[in-house]
Every structure is written in C-alpha cells, then in structure tokens.
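Structure, as structure tokens:
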Amino acid sequence: MAEPEPSRRPEWRWSAAAALVAAVMLGQGIASSGLWDPYELDRAELARRIAVQLFRAGALVADPGREAMPTLGDLGMGELPFTSMAAGFAVFGLEDWAGRLPLVLWALFGAFVLHRFLARRVGGRAPFYGVLALCTMPLYFVQAHTMIGDGVTMVCFALASLGGLAALEAEGHARVAWLAVFIAGLVGGYLCRGAILGVALPALGVGAAWLVAMGAKREKAVDARVGSLCLLVGLGSLAWGLGALVGVEDEVRRAVGFLPLAAPPRAATFDLSLRQLGHALFPWSAFLPFACGRLLGGAPEGRAPLVRGGLCTVLAVAYAGQALLEPQSGSIPFLGVVPLAAVAGIVLDDLERDGRASRLVAGATLLLGLVLYLDLTAEPKAALAAHGLDEAVDAAALGGFSQPWLTPLTAVFLGGAFLVWLDGSPFFAAGALGRDGLPARAASWARGRIEAYEAAARELAEQHDGNLAFGALVIEAGLIGVGGILLVGHRLGWASVVTLPRPLLWIGLNLWWSLPLAMLFVPLVLDLLRGGLALLLEGLGVGRGTAMAVVALSAGGMSGFGYYAALGERLSPKGVFATYGERGAGQPLGLLGVSSRASRYYARGAPVVALSNPREAIRWLTRARSRPEPEQRWLAFFGEDLPELNALFRQTEGVNLPVHGRADGEVLLASSLSGGAPNDNPLEPFVLSAPPPRIQHPVQGTFGRELSALGWEIRDEENRLVDVVVAGRRYRMTFYFRVIAPLRRDYSSFIHIDGQGRRHNGDHAPLGGHYGTTLWRAGDVIADPYDLELEPNFTRGDYRVHFGFFIRKQRLEVTSGEGHDDRLYGGVLAVR
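This is how it looks when you write it as structure tokens:
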C-alpha cells in the first residue's frame, strides 16, 4: 500500500517558526555592525547621493559641489539595489542601519516567496526547512544585511525562477499569479544585473526545465505556453545582452549589468567559481552537492517530480552562465542561492518523512566539509571572495582570526550531519521495536549490538582458518617491537632514531597501542552516538529532518552571530568612532587612510582633519603636546600604519603611541596624551624605554655600532621563567637589545642552539615582522620574542646558545663580546 501524501498546507506553527528564523537571522547585526570600510562605505555613499537627487533629501547633503547623481558606470551594476538603500536613507536619515533595512526587507521577501513556493508545490515541512537553510547560508545573510548590493539580485532571481517553475504546473488564477511573480523577477533582475544575469539565466533555467519535463514525457503536467514563453524570453535577452557586451555606449552597461573587465582574471575558470561557491556557502556547501543528487536519485515516487528536476536544471543553468561570464564580469556572487535552499528544504523533508538516511551522504559531507574547512582556515580571505570583498580586505587584518570561529561551527555541522545521515534509527536495525516501551527497546538494542560485536569477533577469528587473526597478532607484535626499539634508541641517543622526523617518531612509539584501541573503541563510540541520537529523537518525537534542521540552525547561528559579526567589527571603523565618542567627543580627530566619509555616519559634528601620510599625522598629533596647556588630539588609522606611526612618535616623545580600545581590528584609535589610561598598543610589550630590572641570562656584546645585547630569558606556556627545557614542548624565548643608533637596513634574526652534534636553527623576523629594524630608534629597548620548540632528537645535556642578525648571507658584525663568525655567545641552555 502506497504511503498517503501529507497535506500540502504546512502547519501554522512551522510557518511561524520559519518567520521567526528569517527575522532573527536576517535582521541581526544591521545596527550593531558598522559599515565595512571601504567597500560597503563606497556603496553607501553612492546610495546617499541617489537619495539627495532622487528623493530630494537635502539633509543628507555633505558636499554641495559633489552631489551629482551617480551613473551606472559609478554603480558598476543596475540601480535597483542602490535606489532601495537610498530610500532607507531618505526616510530614516544617514544611519548605517537605515541603508541596510531595505536590503533586509528584500531578503525577507525572498524567504517568503520560497516558503510559498514550497508550501504550494511540495508541502510538509519543506517550507520551514527551506527558509531555515536559506537564512543560515552566509552568501544570503551577508548580502542581506550589508550594503553590497547583490542580495536584491538574488531575490529577483528567486522570483523569476521559482515563479516560472510554479507557473509551469499551476492552473487557473494560481498560474496567473505565479506568472506575475515571474515577470516581476525579470524586471527586477534587469534593473539589478542587466539582460544576461538578471533576465536570461532565470528564464532559460525555467525554459530548460520545461524541455526536460517534455523529454521525460510529463508534457501533460506542464503548460507548454509558459515553458515556450520562458525559453523565448531567455534566448532573446541572452542575444541582446551578448550583443551589448561588445558595445561601448552607456546604454550597453544597463543591458549588460556589470562593467566588463579590461582583461580576464588569471583564474576565471569553472573550478574557481565552484571554489568560491564552496567558501561562501560554508558549511552548507559540504552537504548541498549530495543533496542535489539525493533530490533526483532518491526522490520518493510522486513527490513533486517537476519541482525537483526543475530546481536542479535552474541551478545548472545559473552556475554555467555565471562561470562562462566570469572572464568578463569578474567575481559576482552566485545568484541561485534561493533555489539551492529549496533543494535543501525538500531533501530534509524527505528525510523527515521516511527516515531513509545514506551513509554515502554522511561520509561524503564529512570529507568535503573537512577539505573546505582546511582551505578556509589557511586562506581566510577566501570566504569573502564570492562577495567581491577579498580585494578590499587586508589579509593581515584577518590573521588567525577565522579558525577559532570556524572550528566549532564546522564541528557542529559536520558532526551532526554525519550522525543524522549515517543510517536510520538503530532501534529499527536491532529488530527490537515491537510494542515495548522506549527503555525496553533501548536495552534490547544494546543487547543486539553486543551480540553483533560477538558475532563479528567470531567471524574474524574464523576467517581463513584463523590465519587472519594470527596475522593481526604478528602485526601487533611487530608494532610493539618497533615501539620498543624507538623508545630505547631515543633514550640512548642513537643517531638513526633521534634524526627521524618528529611525526614519524611519534607514530612509531604509539601505534602499537593506539591502533588496537581505535579498532575497538571507534565502532563502539560511533554506535553509542547513533543510539543516543535515536533515543533522543524517539523521546522527543521528531525525525531526522528536524535533527538536521537543528544542526544547521546551530551552525548558522554561530556563523551569523559569531564569525561574520566579529568579522564586521574588525573591518568597520564604527568601534573606533564609538571609543572616540566616549573619551574624546568634541576634541580634534585626525583620519589617516580612514575615509572622512565614515565620520558622516559615526562622528557627526566632530572637528575632523584628513591627513595624508604618517609623518604628517604625527606632526599634527604631537603639535598639541608642546603647548603650555596640552590639547588632547585623536587619530584614527589603519593597523598597517601602526609600526611607522609608533616609530615616529617614539622619536619625538620617547614612548609608544597611546592606542585606545581594541588593537586587533583593521582600524585603530590613538591619542596625543594617554590621560592615565592603559596603553593598548600591541607593540607595548616589545618596544620598551628601559630593560626589565632583572634578565634571566645577561649577555654583554654589541652588533656593529647600532645594537647592544642585554640578554635573554625563557618562559613556559604558563609564562613562568624556567631554567630547563624539554624537547618537544613549546617555550617563549625573548632576547633583549638596546638600540645605540638607528639601523639603515631591515635585518632578520637568527638563533643557533648547538651541542652533541645537533643544531636548532631559529631564523625569524624580529618582533614577528611587525616592527622592522629600520624603525628602531636610539634609546629603544627591544624585546624580540621567539617561539622555541626543540626537535625530539635533542637529548639531555647542555647546549650553547648563539644569536645575531643577518641579511641574506651577510651577518651584522659582532664588535664586542664573546662570539665567533659574527655570532654572539649567549650562554648555556639546559635540556632535560
């Protein structure tokens, strides 16, 4: 007997939950996160000028002589997104949230259309799952509440593609309504991205879906008039756009929807588009490729076949079209995000209804997710490439920022998705359901698993007349022997052992016990997790689709409220202006590199001075200190200018530049007077005015005529001074120098730890490369840190420490002190 089809109308509580998720995920952060400088700020300024000219918002005029209406060439795309932002400014004033609010409303409208499409064409909980997936995809929610612009294009693409697909199947007044949605999407898409991206791609996607349905002999289920209309519109607009792409007139830019590149980028290929899509949708991108396969290959009989095939066709056309255009257009965010969310919603609804999980989906999602995670942590700017922001963001500002945020959300999504999709309920697999209660079924399942382990052990013992088990024992004995030899050789300092790479040595020492334990406990832990998940789901009365939704919502919340919110704080000067407002409101504010336009949003009425270079900035900042009554002045600048500013400030004032507030963002705030507040300058611990009262290992010697060595110290990971180190552990080794005269060249530092036929070579850039030697001023005391971790082949004993400076193969001369070959002897390091 066939399974009855659930009602198409979703329950009201699931619709309410979808609305709540959309409002929270898309609306959060529009007021708290500042404008990303310069990219978002540039867009906001263009929208402000449109508000002045189109909506007659005279209160927004900043420079009466330069408020002309922007051209399409200025915008770089169609005008609809900018007009929407301009309307927000005209109504609510020049606030960052006012420009973002219309984009949030557009995004909410896109979520609403997705909900109605899935409710009408699929039913069940697919509308809720689809909206949840959409609102937790970074590519959608970042575009929704930042003034980048293509969030509106994504919504228009959704209107056209989903409206066209629904019109293929709908009847009567419903068909007319969906056709109206389709036409509205095409008009909006044209005003956003021109004839190719805004019109041709969604129309061709729907037309191709109609052709696929015809080929699958579903012509009775679709309207040929709608399908042929979409195909003709798509082909016509494609021809128009391609023809306009070779023109040079202003009207051409409107038809094309982007400014063609003078030369194609080096990596404008399909794989680059796929990589950007994987980064911008992470962690959903680890699951979506397999969801598309599941949508077609694992579709239950009779459940919206046209919608399933149509969505995949629309996505294929959109991806192919954008990838082919990329050599001309550059990186444009993928426009088919809403159809992707529809795919995820339908697949999760299928999982909720029948519980048919897939070990292939579980394992493949885990592996792909790990690859994307490693890629993103190694290159954090990659997450911004699909938004068109990678060139506007300084990679140094991101540093190691991404990994602490990405690691937990990756673990939650990949771990949860793996368990949810691994299989159906283990209770069913144990055959212990019957009519017993849940505790009895759980106990029966546990007994069944124990019996399964016992049966597997007997089967392995009997395989090949016991030779398999005997071979395993021989391998284990060999591993024990190898581990014993390596342990003895390491203790006795055998050259063949101590010279082995550290990872290989660790594996050899530990494989004999870790491999058997892993073979024993990994299946057990996995079974316990599977059983615990099944027990939880049955106790709550929910299915695996809901479990996957909870996993996605948790990871999406960590991404939206955590990673991208923190990223926005780093890339925006809003926090700097807030600190200035708290501590120096009304006092002169200098801007170095920071656009004076940002002060229109965050420092209205402040006496702002634009400064052109660090030397001019320091002259302006310190001029007030020489007055009889020193005046407090403030300076906002980009973090990349801090080293030079600090060196110039120390040259005149003898102390480090006073920095206030967070020092890990891209924009920093300094003042002419500290005012008794602690100095948050990140160079404060390393560029000193006097050496510490006591240095653990004092040294006497000079390098050339410029540097005097004072000594060094070594601390463990808990910041305690230690006299003895252990190979393989991490320590912080700090060398102290007094600057006698400025150095004219940028030197690197070296550390040689020699003894017993071994050497640890510690070449590094002084102060981590953040404060080069040409910035050191006479009188400075430099604390140069080095992270020391001796190789495992360093056995017990005393080792000699030598250090110095070099450029390429030339070392800075040791002019006094105990040294050899321009290496200064620094004493003995004890290793135990």
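For the sequence shown, position 401 (counting from the first letter as 1) is numbered 711 according to this note's numbering, and the numbering increases by one without interruption.
Note that CB positions come from ideal geometry on N, CA and C, so glycine has one too.
**OP:** Count the other CB atoms, across all protein chains shown, that sit within 10 Å of the CB of M868; report buried if there are 16 or more and exposed otherwise.
**Re:** The residue given as residue 868 occupies position 558 in the sequence shown. By the 10 Å Cβ count, M868 comes out buried.
**OP:** Could you check the C-alpha separation between L827 and N820 for me, to the nearest Å?
**Re:** Counting from 1 along the sequence shown, the entry for residue 827 is found at position 517. Counting from 1 along the sequence shown, the entry for residue 820 is found at position 510. Roughly 11 angstroms separates the two Cα atoms.
**OP:** Confirm, please, whether the CB-CB distance from V977 to W946 is below 8 angstroms.
**Re:** Residue mapping note: residue 946 aligns to position 636 of the sequence shown, counting from 1. Residue mapping note: residue 977 aligns to position 667 of the sequence shown, counting from 1. Checking the sequence shown, residue 946 turns out to be Ala, not Trp. Contact: yes.
Original post:
P716 to E772, Cα distance in whole Å?
Top reply: Here residue 716 is taken as the residue at index 406 of the sequence shown, counted from 1. Here residue 772 is taken as the residue at index 462 of the sequence shown, counted from 1. Residue identity differs from the one stated: residue 716 is Leu in this sequence, not Pro. So the alpha carbons of these two residues sit roughly 46 angstroms apart.
Original post:
In three-state terms, what does DSSP make of T446?
Top reply: Reading the sequence shown from its first residue, position 136 is the one you call residue 446. If DSSP states are grouped into helix, strand and coil, T446 belongs with coil.
Subject >> C-alpha gap between G508 and W416, whole angstroms >> reply: Numbered from its first residue, the sequence shown carries residue 508 at position 198. Numbered from its first residue, the sequence shown carries residue 416 at position 106. Rounded to whole angstroms, G508 to W416 spans 16 angstroms at the Cα level.
**OP:** Enumerate, from N- to C-terminal direction, the unbroken alpha helix (DSSP H) stretches of 4 or more residues contained entirely within the region 848-873.
**Re:** 854-867
Original post:
Does the distance from the CB of V627 to the CB of A518 come in under 8 angstroms?
Top reply: As a first step, residue 627 must be located in the sequence shown, where it is residue number 317. As a first step, residue 518 must be located in the sequence shown, where it is residue number 208. The answer is yes: Cβ separation under 8 angstroms.
Subject >> One or two residues paired with M1043 in a DSSP bridge >> reply: Translated into positions along the sequence shown, residue 1043 becomes position 733. I1024, Y1096, per the DSSP bridge assignment.
Subject >> Rounded C-alpha distance that separates V625 from G474 >> reply: Walking along the sequence shown from the start, residue 625 turns up at place 315. Walking along the sequence shown from the start, residue 474 turns up at place 164. In the sequence under discussion, the amino acid at residue 625 is Leu, which differs from the Val named in the question. Their backbone Cα atoms lie some 14 angstroms apart in a straight line.
**OP:** Report the partner residues of P1008 according to the DSSP bridge assignment.
**Re:** Counted from its first residue, the sequence shown places residue 1008 at position 698. In the DSSP output, where bridge partners are listed per residue, P1008 has G1021.
**OP:** Look up G1072 in the DSSP assignment and say whether it is helix, strand or coil.
**Re:** For this step, residue 1072 is matched to residue 762 along the sequence shown. Note: G1072 maps to coil in three-state DSSP.
Subject >> Burial state of N991 (16 or more Cβ within 10 Å) >> reply: Counting from 1 along the sequence shown, the entry for residue 991 is found at position 681. It is buried - the Cβ of N991 has at least 16 other Cβ atoms within 10 Å.
Original post:
Who are the Cβ neighbours of R1097 in its own chain at under 7 angstroms, not counting the five residues just before and after it?
Top reply: Numbered from its first residue, the sequence shown carries residue 1097 at position 787. Arg is not the amino acid found at residue 1097; the sequence shown has Asp there. If we look at D1097 and ignore the five residues flanking it on each side, its Cβ neighbours are R1040, R1042.
Original post:
Thinking C-alpha only, which one of A913, G894, L428 is nearest Q942?
Top reply: Counting from one through the sequence shown, the residue named residue 942 turns up at place 632. Comparing Cα positions, the closest option is G894.
Original post:
So, using beta-carbon positions, are A476 and R430 closer together than 8 angstroms?
Top reply: Position 166 of the sequence shown, counted from the start, is the residue given in the question as residue 476. Position 120 of the sequence shown, counted from the start, is the residue given in the question as residue 430. The answer is yes: Cβ separation under 8 angstroms.
Original post:
Taking the alpha-carbon positions, what's the A767 to R613 distance?
Top reply: Mapped onto the sequence shown, residue 767 falls at position 457. Mapped onto the sequence shown, residue 613 falls at position 303. Whole-angstrom Cα-Cα distance: 43 angstroms.
Original post:
If you count every other CB in all the chains shown that lies within 10 Å of the CB of N1103, and 16 or more means buried, which is it?
Top reply: If you number the sequence shown from 1, residue 1103 lands on position 793. Classification of N1103: buried, given that the 10 Å Cβ count is 16 or more.
Subject >> C-beta contact flag for L606 and G620 at 8 angstroms >> reply: The count along the sequence shown starts at 1 and reaches residue 606 at position 296. The count along the sequence shown starts at 1 and reaches residue 620 at position 310. The answer is no: Cβ separation not under 8 angstroms.
**OP:** Within the region 810-836, note down every full alpha helix (DSSP H) run reaching 4 residues or more, in order along the chain.
**Re:** none
Original post:
According to DSSP, which residues form a beta bridge with E919?
Top reply: Counting from one through the sequence shown, the residue named residue 919 turns up at place 609. The displayed chain sequence assigns Val, not Glu, to residue 919. For V919, which the question treats as bridged, DSSP gives the partners G900.
**OP:** Out of G499, T1105, R914, point me to the one whose CA is closest to A565's CA.
**Re:** Looking up residue 565 in the sequence shown gives position 255. Of the candidates G499, T1105, R914, the one whose C-alpha sits nearest the C-alpha of A565 is G499.
**OP:** Per DSSP, which residues does R1048 bridge with? Please list them.
**Re:** Sequence index remark: in the sequence shown, residue 1048 carries index 738 (1-based). Answer by DSSP bridge pairing, in chain order: S1018, V1091.
Original post:
Quick check: the region 443-457 against the region 633-653, are there 3 or more CB pairs under 8 angstroms?
Top reply: yes
**OP:** Go ahead and pull the three-state DSSP assignment for G434.
**Re:** Numbered from its first residue, the sequence shown carries residue 434 at position 124. Residue state, collapsed to three classes: coil.
Original post:
Does the beta-carbon of L1134 have 16 or more other beta-carbons within 10 angstroms, so that it is buried, or is it exposed?
Top reply: The residue labelled residue 1134 in the question sits at position 824 within the sequence shown. So L1134 ends up on the buried side.
Original post:
In or out: K1119 buried (at least 16 other Cβ within 10 Å) or exposed?
Top reply: Locating residue 1119 in the sequence shown gives position 809, where the first residue counts as 1. Result: exposed.
**OP:** Using DSSP bridges, identify the partner residues of H970.
**Re:** Counting from one through the sequence shown, the residue named residue 970 turns up at place 660. The partner list for H970 (beta bridge, DSSP) reads L979.
Subject >> Unbroken stretches of the beta strand (DSSP E), 3 residues or longer, contained in the region 362-425 >> reply: none
Original post:
For M335, does the count of other Cβ atoms within 10 angstroms reach 16, so buried, or fall short, so exposed?
Top reply: For this step, residue 335 is matched to residue 25 along the sequence shown. Buried is the call here.
Original post:
Can you name the start and end residues of the alpha helix (DSSP H) that T962 belongs to?
Top reply: Within the sequence shown, the letter at position 652 stands for residue 962. Counting along the chain, the alpha helix (DSSP H) containing T962 begins and ends at 952-963.
Original post:
Between F959 and L921, what straight-line distance do the alpha-carbon atoms span, to the nearest angstrom?
Top reply: For the purposes of this step, residue 959 is taken as the residue at position 649 of the sequence shown. For the purposes of this step, residue 921 is taken as the residue at position 611 of the sequence shown. The straight-line gap from Cα to Cα measures roughly 16 angstroms.
Subject >> Per DSSP, cross-strand counterpart(s) of F711 >> reply: The residue labelled residue 711 in the question sits at position 401 within the sequence shown. Beta-bridge pairing links F711 to no other residue.
Subject >> Cβ pair L658, G855 closer than 8 angstroms >> reply: Here residue 658 refers to the residue found at position 348 of the sequence shown. Here residue 855 refers to the residue found at position 545 of the sequence shown. Taking 8 angstroms as the Cβ cut-off, L658 and G855 qualify as a contacting pair.
Original post:
Between the C-alpha atoms of I1024 and L1031, what's the straight-line distance to the nearest angstrom?
Top reply: The count along the sequence shown starts at 1 and reaches residue 1024 at position 714. The count along the sequence shown starts at 1 and reaches residue 1031 at position 721. Whole-angstrom Cα-Cα distance: 6 angstroms.
Original post:
To which residues of the same chain is L370 closer than 7 angstroms at the C-beta, ignoring the five residues directly before and after it?
Top reply: The sequence position of residue 370 within the sequence shown is 60, counting from 1. R358, A361, V362, F399, L404, listed in sequence order.
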